[in-house]
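Have a look at the structure below, then the notes.
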Amino acid sequence: MSTLLLDGEWQLSSPQHTHISIPCQIPGDIHSALLKAEKIPHPYLGCNETDVQWVGESDWRLTRTLYLDNDTLSAQAIDLSLSFIDTTADIRINGETVLQCSNMFRQYRYDIRRFLKAGENHIEIVLFRNDLEAAKRADKLLFPVPWAVGNNQVPHMNTLRKTQCHAGWDWGICLLVSGIYQSISLVPVYQTRLQHIRTTQQWHDDGSCVLTVTTHYDVLAPSTPQILQVEFNQQSYDIELSAENIGTHQHQQRIHIAQPQRWWPAGYGEQYLYPLKVQLNNHSLFKKIGLRNLELETLKDDIGTSMTFKVNDVSIMAKGANWIPLDALPAEHTDNRYRQLLEDAVAANMNMIRVWGGGMYEHDIFYELCDELGLLVWQDLMFACALYPSTPDFLLDVEAEVRDQVRRLGDHPSLALWCGDNEVIGAIGWYPESKANREKYVVNYDRLNRTLAAVVEQEDPTHRFWASSPCNGELDFGDAWHDDNCGDMHFWDVWHSGKSFDAYHNVKPRFCSEFGFQSWPSLPTVETYADAEDWNVTSPTFEQHQKNGRGNSIITEMFTRYFRFPNSFENMLYLSQVQQALAIKTASEYWRAYKAHCRGILFWQLNDCWPVSSWSSIEYTGRWKQLHYHAKRFFAPQLATFIKDEQALTLHLVSDSRYEIEMEGRIMQISWEGKVINQWSVNTTLAADQTLEAWQLAHTEYDEADKYSFFHVVLNTSEETIENSYYPALFKHTKLHQSQIKWQVGSDEQGLFVSLDCDTPALFVHLEYNGSGRFDDSSFTLLPSSITGKTRHVRYKGSASENELAQGLTVYHLRDTY
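What follows is the structure, encoded as structure tokens:
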């Protein structure tokens, strides 16, 4: 008999709520089942979050029956296989407890054959209250271990191996969800059990590669020799395995690939994947293998210590964002949504995603898509912004968890790094208990961190273990929030410390793995959770959907530094996104221009897990914020950016290409009336992975606070047009004209487009359609056709008709906000 799936409809009930007996889909979560059965209001609407907290403050029971025949029971073992069970649970079969689970991140497999019988079997899964279990564990600790106060709304989540942001975060709803988020199956085992496979790659000077496939298997009962079949890239190997000795065994098969097709990150080459299948006694495992070598280079230099990922011996400029869980409701973690978000990341010229340590080790589909799309994965282990126990029981549980996850994920070509945690070493300085007795808590941290390192290095020596993010390097836990000469940096001085955007020019990180600035969602997203009467940034609903205590104040205060205050709610939303995009653009372009210093830029954050005001570049509804459109430009393979220093305004050209790139075009100084005051030609060649200063204008040659004109560059390569602008004066001081923008929707063989023209330059021209889909560009400087010689065409990517797009389109620009 093959694997028997237990997915589908189970019956859900609660001992605290005897009136509830409803269907529940597995994989799925309790909140989603209650929502579907109309037992709770949607937690994302209005202020409903408060009204559904009782769900997480209850125990829940899932039941179903299963029929088995004697043939199935003739197996040597019947393994119960399940993962993503959240979190503390008893599994009972025919009234007997067969497995106790306590870790959402474990990959459980347990032989339950002796508990099963021919005919009807009753299966019960009891999911216990996570809040009470967390408090119980905290009470047993010998000394207090501070939890993520200020982020978590439920105490002591750090004692549970559960997604930490389920208890709330400064962008996350507090939904203490529970359930089972992956398939449950019964696997009959005859004589041998195929456990797992791992691969390593050995590269030779002639460009060939030897792939070693290590198969781990168990012999449960002595038998005649078994055939292990290994299939790789249409080659098949049949290996006779001795099955005389009961116990765990392994076999290594070496496969030589004379001319391998290499796997590359997005923007550097193709993502070729080789199929690998291993079969033993009717059980099989399948993987897609990307052949590439990867290393993290940390070398002493004149600046400090480098931090550069190298793939196939090529230094990579890592560009991307941080990833949080896809949805606060785990049932909404669908394959299509994973694909959409990750494809949108690549569409914005990203090549790396950091899986943040307060979320979860993602589902298989996430890593499979990253392999396919060329997104390198910086993988945090699941610890964030709190201190954690180091008791023997906790360390044993974590050791098993990390071993499970490294075995599951270690062969993905997209995997770039194992990182011990997010900001946990820094958290020692945040809490009164640890500040008062730092030595104790440093030792406590070290016990956990060394356990993590030991397991990773044992299970996956081919990938680097990085102790923490941020971290200055091996056993160097200095102030990586402000020290920019080594390691990875989290730079939050603009958002949390209230500095202006030019503070980004005061640091040159070796690798910036976190920095960000918030914005509010677009009006179409606000409409999904707030009634029109609450369209105000201080309304109860809007404040319920702002989880950062100072968030709205920071956004509005920064308005006053750079802009004139907006004249409507819609324009406040729009301007917040202009401001957010400017912040991240300022940092990213500067750091890219100095790539000898900086080889990684990952802003906070890519996505939202519910509709909320946050640092994301893509809203919960899938809409691109203006930041994501800007990221497509400031992460493009080639970049032109103006940088002002004490002497001059300089145009920096940047190329991340592996090949030589020719650029030609012009720089213009343009008045706000739409006249070209000055222009300079640019014609140059960039070598592979090069930056250069292509043009410079001394401060004595222009007004450094010019209110009446700006600089604009247009460059062409063989593949694309590159544009950028520089504005000498603050936007609130600039003498912008009230540009008259003319637009209309048209179509051709490629689909729908919007053509735009204007009489005077318009800034941050943003197209917002109230239906689904996006545009190929937005939030740009629109120049009159009298300067460019043509109207601007922006492609629409979506399913709307020409009339629907025209009726639902709003075109924003900066001067129209006041």
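When you line the sequence shown up against this note's numbering, it's residues 55 to 872, in that order.
Ideal placement from N, C-alpha and C gives every residue a C-beta, glycine not left out.
Asked                                                                                                                                                              : Found
Roughly how many whole angstroms lie between the Cα atoms of LYS171 and LEU122?                                                                                    : 7 Å
Do TRP797 and LEU810 have their C-beta atoms within less than 7 Å of each other?                                                                                   : yes
Enumerated in chain order, which unbroken segments of the beta strand (DSSP E) with a length of 3 residues or greater are wholly contained in the segment 236–292? : 239–243, 246–257, 263–273, 280–286
Taking only the alpha-carbon atoms, compute the straight-line gap between ASP61 and LEU681 and give it to the nearest angstrom.                                    : 40 Å
I'd like the list of long-range same chain contacts for ILE419, defined as Cβ closer than 6 Å, with 5 residues on each side in sequence excluded.                  : ASP389, TYR392
CA-CA distance, THR704 and VAL632?                                                                                                                                 : 24 Å
How about SER360 and LEU353: do their beta carbons lie closer than 7 Å?                                                                                            : yes
When the Cα atoms are used, what is the spatial distance from TRP410 to LEU345?                                                                                    : 26 Å
Going by CA-CA distance only, name the one from SER567, HIS250, VAL332, GLU773 that's closest to GLN289.                                                           : VAL332
Can we say the segment 301–310 touches the segment 264–275, given the rule of at least three CB pairs closer than 8 Å?                                             : yes
So the candidates are THR57, LEU116, SER56; which of them puts its Cα closest to the Cα of ILE74?                                                                  : LEU116
Do the segment 240–249 and the segment 323–330 meet, that is, are 3 or more Cβ pairs less than 8 Å apart?                                                          : no
Looking at C-beta atoms only, is the number of pairs between the segment 392–408 and the segment 678–697 that lie closer than 8 Å three or more?                   : yes
Give the straight-line distance between the Cα atoms of ASP710 and ILE638, rounded to the nearest whole angstrom.                                                  : 19 Å
Within the segment 450–530, note down every full beta strand (DSSP E) run reaching 3 residues or more, in order along the chain.                                   : 469–473
Thinking PHE623 and ASN590 are a contact (beta carbons under 8 Å), I'd like their distance in whole angstroms, please.                                             : 6 Å
Let me check understanding here. Comparing Cα to Cα, which of ASP367, HIS303, ASP355, PHE286 lies closest to TRP318?                                               : ASP367
How would you call LEU836, buried or exposed, if buried means at least 16 neighbouring beta carbons within 10 angstroms?                                           : buried
What is the DSSP secondary structure of VAL632, reduced to helix, strand or coil?                                                                                  : helix
Since PHE565 and ALA470 are thought to touch, with beta carbons under 8 Å apart, how far apart are those beta carbons, to the nearest angstrom?                    : Actually they do not touch by this definition, with Cβ atoms about 12 Å apart.
Quick one: Cα of ALA694 to Cα of SER232, how far?                                                                                                                  : 48 Å
Residues in the same chain with beta-carbon distance under 7 Å from ILE721, minus the five sequence neighbours each way, listed in chain order, please.            : LEU705, GLN733, TRP734, VAL736, TRP749, PHE765, VAL767
How about GLN701: is its Cβ closer than 6 Å to a heavy atom in the ligand GTP?                                                                                     : Of ligands this structure carries none, so the ligand GTP is not represented either.
For GLY805, does the count of other Cβ atoms within 10 angstroms reach 16, so buried, or fall short, so exposed?                                                   : exposed
Under the assumption that HIS337 contacts LEU248 (Cβ atoms under 8 Å), give the Cβ distance between them as a whole number of angstroms.                           : 4 Å
Does the structure place the segment 568–581 close enough to the segment 663–673 that three or more beta carbon pairs sit under 8 Å?                               : yes
Of all the options TYR780, PRO443, ILE343, SER772, which has the alpha carbon lying nearest to the alpha carbon of GLN255?                                         : ILE343
With a Cβ-Cβ cutoff of 7 Å, do GLY412 and ALA438 count as a contact?                                                                                               : yes
Do you know how far the Cα of ILE715 is from the Cα of GLN692?                                                                                                     : 9 Å
Along the chain, which unbroken stretches of the beta strand (DSSP E) at least 3 residues long are found entirely within the segment 350–387?                      : 362–365, 372–377
TYR683 lies in the alpha helix (DSSP H); which residues open and close that run?                                                                                   : 680–688
Please report the residue range of the beta strand (DSSP E) in which CYS424 lies.                                                                                  : Premise fails: CYS424 lies in the alpha helix (DSSP H), 418–427, not in any beta strand (DSSP E).
Please return the same chain residues whose Cβ sits closer than 8 Å to the Cβ of VAL152, not counting the five positions on each side in sequence.                 : LEU134, ILE145, ARG146, TYR164, ILE166, PHE169
What three-state label does DSSP hand PRO314 in the structure shown?                                                                                               : coil
Helix, strand or coil: which one does DSSP assign to VAL666?                                                                                                       : coil
Contact between the segment 453–460 and the segment 497–512 is defined here as three or more beta-carbon pairs at a separation below 8 Å; is this criterion met?   : yes
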